[in-house]
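Peer 1: So that you can map any letter, position 15 of the sequence shown is 16 in the numbering used here, and since no number is skipped, the others follow by simple counting.
For every residue, glycine included, the Cβ atom is placed at its ideal position computed from N, Cα and C.
Values in this document were obtained by computation on a predicted structure and should not be read as measured data.
Quick one: the structure is below, and I'll ask about it shortly.
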Amino acid sequence: MSGPVPRRFTWEGRAYVVADVLGHWVTGTPWWRAPAEPDDDTHTWRIEASSGQRSGIYDLSCSAGRWSLCRVA
2 MSGPVPRRFT
12 WEGRAYVVAD
22 VLGHWVTGTP
32 WWRAPAEPDD
42 DTHTWRIEAS
52 SGQRSGIYDL
62 SCSAGRWSLC
72 RVA
């Protein structure tokens with residue numbers, strides 16, 4: 002895996018700890034758009050995480066140093 006692997010995140014005021022990384026993929030800038038930065042790839046991790054009260058499967062993405070929660074399963 003390349004790029005920073007998520008270890009924990011906060012969502013809706015709760016701290017979640019990553020229990021397992023289920024998958025990782027990289028999405029590049031579409032060919033029809035010029036990249037804003039030379040390395041503008043988006044790294045996405047499908048993870049299993051728990052807040053202690055609830056657990057689930059989440060997709061976390063990182064692009065240009067900025068993290069976001071993209072999907073909750």
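Quick one, are the C-beta atoms of GLY29 and ARG47 less than 8 Å apart?
Peer 2: The residue given as residue 29 occupies position 28 in the sequence shown. The residue given as residue 47 occupies position 46 in the sequence shown. No, they are not a contact pair.
Peer 1: Just confirm the distance between the C-beta atoms of ARG8 and ALA16, as a whole number of angstroms; I'd bet it's less than 8 Å.
Peer 2: For the purposes of this step, residue 8 is taken as the residue at position 7 of the sequence shown. For the purposes of this step, residue 16 is taken as the residue at position 15 of the sequence shown. At roughly 11 Å, the Cβ-Cβ gap does not stay under 8 Å, so ARG8 and ALA16 are not in contact.
Peer 1: GLY53 to ARG34, Cα distance in whole Å?
Peer 2: Start at 1 with the first residue of the sequence shown, and residue 53 comes out as number 52. Start at 1 with the first residue of the sequence shown, and residue 34 comes out as number 33. The straight-line gap from Cα to Cα measures roughly 42 Å.
Peer 1: First and last residue of the beta strand (DSSP E) that includes ARG72?
Peer 2: Mapped onto the sequence shown, residue 72 falls at position 71. Where ARG72 is concerned, the enclosing beta strand (DSSP E) stretches over 67 to 73.
Peer 1: Can you say whether ALA20 is buried or exposed, counting buried as having 16 or more other CB atoms within 10 angstroms of its CB?
Peer 2: Here residue 20 refers to the residue found at position 19 of the sequence shown. By the neighbour-count rule (16 or more Cβ atoms within 10 Å), ALA20 is not buried but exposed.
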